[in-house]
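First comes the structure, then the notes that go with it.
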Amino acid sequence: MSEFLEAESTVTVKSKQDESRKAIFNISKEKNFPEWFGEICKVAELADIRYGVKGFTPFLPWSVMSMEIMFDLYEAALQRKDHLPMLFPTVIPESNLIKEAEHVEGFTPQVFWISEVGTGERLEERLALRPTSETAIYPMYALWVRSWRDLPLKRYQRCSVFRSEVKSTRPFLRGREFLWIESHNVFATHEEAKAQVLEDLETTKEVVTEQFGIPVMVFKRTQWDKFPGGVNTYAADTLMPDGKVIQLPSTHDLGDNFARAFDIKYVNEDNELVYAYQTCYGPAISRIYGAMISVHGDDKGLRLPYKLAPYQVVIVPIFKVENEEDVMDYCHRFRNLLQQAGIRVYLDDDEATPGWKFNYWEMKGVPIRAEIGPREMSEETVVLFRRDLMKRETVPLADVVSHIVALGEDIDQTLRKQAEAKFEGLIVDADRMGEIRDAVERGKIARIPFCTTEMDGLECAEEIKAQTGGEIRGTRIDVEEKPDGVCVVCGRPAREVVYVARSY
RNA sequence: GGGUCGGUGGUCUAGCUUGGUAUGAUUCUUGGUUCGGGACCAAGAGGUCGCGAGUUCAAAUCUCGUCCGGCCCA
11 MSEFLEAEST
21 VTVKSKQDES
31 RKAIFNISKE
41 KNFPEWFGEI
51 CKVAELADIR
61 YGVKGFTPFL
71 PWSVMSMEIM
81 FDLYEAALQR
91 KDHLPMLFPT
101 VIPESNLIKE
111 AEHVEGFTPQ
121 VFWISEVGTG
131 ERLEERLALR
141 PTSETAIYPM
151 YALWVRSWRD
161 LPLKRYQRCS
171 VFRSEVKSTR
181 PFLRGREFLW
191 IESHNVFATH
201 EEAKAQVLED
211 LETTKEVVTE
221 QFGIPVMVFK
231 RTQWDKFPGG
241 VNTYAADTLM
251 PDGKVIQLPS
261 THDLGDNFAR
271 AFDIKYVNED
281 NELVYAYQTC
291 YGPAISRIYG
301 AMISVHGDDK
311 GLRLPYKLAP
321 YQVVIVPIFK
331 VENEEDVMDY
341 CHRFRNLLQQ
351 AGIRVYLDDD
361 EATPGWKFNY
371 WEMKGVPIRA
381 EIGPREMSEE
391 TVVLFRRDLM
401 KRETVPLADV
411 VSHIVALGED
421 IDQTLRKQAE
431 AKFEGLIVDA
441 DRMGEIRDAV
451 ERGKIARIPF
461 CTTEMDGLEC
471 AEEIKAQTGG
481 EIRGTRIDVE
491 EKPDGVCVVC
501 GRPAREVVYV
511 ARSY
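Positions in the first sequence are counted from 1; adding 10 to them yields our numbering.
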């Protein structure tokens, strides 16, 4: 018996080793998402978790190059809508941080403080590392906003923020320092502020969905889940491969709460001094990047959209010793052609064999690979391979630039459609606890009648969380929904239709 | 925050039960042969076994603490 077991286990170990040697990357994203995510961060060189401070992670070129592109695309969209960039200091004096009561209560547990300098010399006033920048920016806004002619004031900054998260951290998706854009806007009226919230949600769809290919569902959050100090929070959720939803950009209607706390007043057209209304919007680029690779990736690794890939095309030369020089010349010619057309292209002239390079760049998610050998050279063609569908075609050199541009467009469309297909059938109607639990456990989003999203609905929400593991994501704002019946938990008449899912 | 499992060259890993010279692969460097789906040969480099304390003649190994990480749960 023991002999038999020993023989068994030896065989298992051996085959495991063979497997891992064969594959640069081969993990089922659907079946084992946590492992998939951790391994791809390491193998594709996205982030290095060995920094040694909890929740702080160095990001590496392959992820940073894509995140830079994402920043640029996002900022371009904001600038098209009349937002202008600015940069504020990282530190916030304590006296400013605590000016808005609900805000300070919400964020203080997560604040990193600077309380001394040099060899233990205490600061007169503690400085917070910004967990978000309202309390840094708004004292200045109070100085900048004087007249109705100064409004609307629409500004944003690209920066990192610091939050001592209690939830378990992981690269990109939840760090204690993360990269984002935060937009802070001031308006004359609440109506204008509310219109800005809708514009932000449009921007989210335009950038996150149309350009990054990540489908989202937009919710108005409940009162217990809103931004501390705000009036209402609206946020886009997307679905991760493990069936949990994750919050992507959120936008907040701040009403005049912060204007009152920070004394942001303007003189209106009737020469009256009145409080302004504000909104803020915070797309976290590092988190969106984490969601992006998770949504698009497959069991062989990353699948980067053409728009976001650091290299849109990688050239793999194939040659024998006797024709190496000619093939490389042809490759350089091809590379120059693409560079002149503004395509991000990389010629892989490493020692490794073509087969190894194929697998490596597939794992890294480069959308298009050009294979160039003696055959292509003599025919004046290139072989193009698309990572998303793993398909090859031969294209004449004369047409290749326009072909690649069209192919890139098609790849982005395909990735987006595949992601959107996963959203179909996601919503399941339920009006009993058991049904909610079933739906949530299958990675679905349950749509249920619920008493209220005001604060006195919190107890019912906690009961749902305890019994099903799902959280209330909020109510829809893009569709009007009238509840029918009673609250699933308390039996009071339902005032809202809410959505329940497991979440990050 | 609670539970649980873990930390050995850059990476993965053997050794830990039963304390006594650190195992293998891969990566990396150099040279050579290769190159249309994961090539090969030769030589070389690389580890205070996470950190700290304790037990011991002796600790990767046993004990305690601590930091970091994975997973599950709140």
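Even for Gly, the Cβ is constructed at its ideal location relative to N, Cα and C.
Item checked: Close-in-space but distant-in-sequence residues of the same chain around residue 413 (CB under 6 Å, 5 per side omitted) -> 405
Next item on the list: Give me whichever residues DSSP pairs with residue 484 in a beta bridge.
Entry: 509
Notebook entry, point to check: Under three-state DSSP, which class holds residue 257?
Noted result: strand
Notebook entry, point to check: Under a Cβ-count criterion, where at least 16 other Cβ atoms within 10 Å of its own Cβ denotes burial, should residue 138 be classed as buried or exposed?
Noted result: buried
Check: So, are the CB atoms of residue 89 and residue 195 less than 9 Å apart?
Finding: no
Checklist line | Bounding residues of the beta strand (DSSP E) (the contiguous stretch that carries residue 393) | finding: 391-396
Check: residue 190 and residue 171: beta carbons closer than 9 Å?
Finding: yes
Check: Apart from the five residues on each side of it in sequence, which residues of its chain come closer than 8 Å, Cβ to Cβ, to residue 72?
Finding: 54, 55, 56, 320 and 374
Check: Hey, out of 455, 84 and 182, whose CA is closest to residue 216's CA?
Finding: 84
Note to self: With distance defined between alpha-carbon atoms, name the residue in 492, 451, 468 and 500 nearest to residue 478.
What the structure shows: 451
Notebook entry, point to check: With a cut-off of 8 Å, do at least 3 Cβ pairs link the region 430-448 to the region 462-482?
Noted result: yes
Next item on the list: Spell out the partners DSSP gives residue 287 in its beta bridges.
Entry: 197
Margin query: What does the Cβ neighbour count give for residue 236, buried or exposed, with the cut at 16 atoms within 10 Å?
Written below: buried
Notebook entry, point to check: Run through DSSP, which three-state label would residue 246 get?
Noted result: strand
Notebook entry, point to check: Going along the chain, which residues of its own chain have a beta-carbon closer than 6 Å to the beta-carbon of residue 210, five neighbours each way excluded?
Noted result: 261 and 291
Check: At which residue ranges does the region 306-367 contain complete alpha helix (DSSP H) runs of 4 or more residues, listed in the order of the chain?
Finding: 334-350
Checklist line | Presumed contact (8 Å Cβ cut-off) between residue 167 and residue 187, rounded CB distance | finding: Residue 167 to residue 187, Cβ: 15 Å. No contact.
Margin query: I need the straight-line Cα distance from residue 108 to residue 132, nearest angstrom please.
Written below: 20 Å
Item checked: Simplified DSSP state of residue 304, which is helix, strand or coil -> helix
Margin query: Tell me the rounded alpha-carbon separation between residue 376 and residue 76.
Written below: 11 Å
Checklist line | C-beta atoms of residue 225 and residue 87 nearer than 9 Å | finding: no
Margin query: Check whether the region 354-364 and the region 295-309 touch, using three or more Cβ-Cβ pairs below 8 Å as the test.
Written below: no
Next item on the list: Take the Cβ of residue 442 as the centre, count every other Cβ of all protein chains shown within 10 Å, and call the residue buried at 16 or more, exposed below.
Entry: exposed
Notebook entry, point to check: Does DSSP put residue 161 in a helix, in a strand, or in coil?
Noted result: coil
Note to self: Tell me which residues share the same chain as residue 468 and place their Cβ nearer than 6 Å to its Cβ, disregarding the 5 neighbours each side in the sequence.
What the structure shows: 234
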